[in-house]
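First comes the structure, then the notes that go with it.
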Amino acid sequence: SQQGEEDPQALSIQEGENATMNCSYKTSINNLQWYRQNSGRGLVHLILIRSNEREKHSGRLRVTLDTSKKSSSLLITASRAADTASYFCATDRSGGGADGLTFGKGTHLIIQP
Amino acid sequence: DGGITQSPKYLFRKEGQNVTLSCEQNLNHDAMYWYRQDPGQGLRLIYYSQIVNDFQKGDIAEGYSVSREKKESFPLTVTSAQKNPTAFYLCASSRDRVWYGYTFGSGTRLTVV
Chain A
327 SQQGEEDPQA LSIQEGENAT MNCSYKTSIN NLQWYRQNSG RGLVHLILIR
377 SNEREKHSGR LRVTLDTSKK SSSLLITASR AADTASYFCA TDRSGGGADG
427 LTFGKGTHLI IQP
Chain B
290 DGGITQSPKY LFRKEGQNVT LSCEQNLNHD AMYWYRQDPG QGLRLIYYSQ
340 IVNDFQKGDI AEGYSVSREK KESFPLTVTS AQKNPTAFYL CASSRDRVWY
390 GYTFGSGTRL TVV
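Structure representation (C-alpha cells):
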C-alpha cells in the first residue's frame, strides 16, 4: 500500500535556485521522513519531522508538515548540481511504526548548471 | 565505519533458480527491512524483522523468504515462486522503530536471464 505521494514527479531547475517538492499522505502518522536516492544507489536519510512539529531545518533543507492537510513539503535552498537525485517521502505504516516505512514514488530533481 | 553491506551488487538468476541476497549491518540496530524497487517506482516492503529469530511479512512477501538468526544479518531468498523477480533490492536497518531514520545498503540489482 502506498501512503505518501510526491509532487511533482519531476522537477528541473537552474543551479542556485530553490527546489520545492510536496508529499501527501492518507492516514495518521507518528512522523514523516525524507530520503534522497542517487541513481542506482541506496537511499540516504535526510530529515525526520514528528507529527507534533510544523517545521524543521537541516542545513539547506527545510521541511514543513501540515497534519490537518496530511501534507509535507521539502525545500532545498541554493541548489547545487550535487542535489540532482530522486527524493522520497516516507511515513510509518501503523500507529507504532513497527511495520516499516511506506514510501512514495519520488520526485526526480535535476539541477542544471 | 558502521553501515550496511549488501552483496552481491549485481546478480543474475536463471528461471527456476533460488538466489540469496546478503545483508549485513554493524550498527547494532534491532530492526531490519527488505524493500523492492522497480524502475520509476517507490519502494515496496517485502519482509521486516524487529528482533532476532522473528520476522513479519510486508506487502509483497509472496515468492520471498528470510531468516534472522543473528542480529547483524538478514538474508533474503528469492525463490522460483517469485514470477517477476527482476528488480533493485534494498536492505535497511533502524535503531528504533519509530523515531529514527533508516540506514540503507547500496542495493542488489537482480536480473532474470
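Chains A and B, in that order, give the protein sequences. Numbering-wise (our numbering), the first sequence opens with residue 327 and increments by one. Numbering-wise (our numbering), the second sequence opens with residue 290 and increments by one. The beta carbon of each residue, even a glycine, is placed where N, CA and C say it ideally should be.
Using C-beta distances below 6 Å, list every residue in its chain close to residue i, excluding the 5 sequence neighbours before and after it, in chain order.
| i | result |
| --- | --- |
| B/Gly352 | Thr368, Ala370 and Gln371 |
| B/Leu310 | Leu365, Tyr378 and Thr397 |
| B/Lys360 | Val341 |
| A/Leu369 | Tyr361 and Gln363 |
| B/Glu358 | none |
Taking the alpha carbon of residue i as the reference point, which residue from the options has its own alpha carbon closest?
| i | options | result |
| --- | --- | --- |
| B/Ser382 | B/Phe301, B/Pro374 and B/Val341 | B/Val341 |
| B/Thr366 | B/Lys360, B/Ser354 and B/Asn373 | B/Ser354 |
| B/Leu316 | B/Thr400, B/Val401 and B/Thr392 | B/Thr392 |
| A/Glu341 | A/Ile355, A/Thr403 and A/Phe414 | A/Thr403 |
| A/Ser398 | A/Arg376, A/Arg406 and A/Arg386 | A/Arg376 |
| A/Lys395 | A/Phe429, A/Gly385, A/Ser412 and A/Arg380 | A/Arg380 |
| B/Asp319 | B/Asp385, B/Thr400, B/Ser395 and B/Val401 | B/Asp385 |
| A/Ile339 | A/Gly430, A/Thr410 and A/Leu427 | A/Thr410 |
| A/Ile436 | A/Cys349, A/Ala408 and A/Leu374 | A/Ala408 |
Does residue i have its Cβ less than 9 Å from a Cβ in chain A?
| i | result |
| --- | --- |
| B/Arg398 | yes |
| B/Ser296 | no |
| B/Gln330 | yes |
| B/Leu379 | yes |
| B/Ser393 | According to the sequence shown, residue 393 of chain B is Phe rather than Ser. Yes, its Cβ sits closer than 9 Å to a Cβ of chain A. |
| B/Ile293 | yes |
| B/Leu334 | yes |
| B/Trp388 | yes |
| B/Tyr337 | yes |
| B/Tyr353 | no |
Kindly indicate if chain B contains any beta-carbon less than 9 Å away from that of residue i.
| i | result |
| --- | --- |
| A/Tyr361 | yes |
| A/Val389 | no |
| A/His383 | no |
| A/Arg386 | no |
| A/Gly426 | yes |
| A/Leu374 | yes |
| A/Leu369 | yes |
| A/Asp418 | yes |
| A/Gly342 | no |
| A/Asn348 | no |
Would you mind sorting residue i into buried or exposed? The rule is 16 or more other CB atoms within 10 Å of its CB.
| i | result |
| --- | --- |
| A/Thr433 | buried |
| B/Asp327 | exposed |
| B/Ser296 | exposed |
| A/Thr353 | exposed |
| A/Tyr351 | buried |
| A/Ala336 | exposed |
| B/Trp388 | exposed |
| A/Pro439 | exposed |
Could you tell me which residues DSSP pairs with residue i in its beta bridges?
| i | result |
| --- | --- |
| A/Ile436 | A/Ser338 |
| B/Gln326 | B/Leu332 and B/Phe377 |
| A/Arg388 | A/His383 and A/Leu401 |
| B/Tyr337 | B/Tyr322 and B/Gln345 |
| A/Glu331 | A/Ser350 |
| A/Asp418 | A/Leu427 |
Closest Cβ-Cβ distance between residue i and chain C: below 9 Å?
| i | result |
| --- | --- |
| A/Lys431 | Protein chains A and B are contained in the structure displayed, whereas chain C is not. |
Between which residues of its own chain and residue i is the CB-CB distance below 7 Å, once the five residues before and five after are set aside?
| i | result |
| --- | --- |
| B/Ala376 | Arg325, Gln326, Asp327 and Leu399 |
| B/Ser356 | Pro364 |
| B/Arg333 | Tyr324, Arg325, Asp348 and Ile349 |
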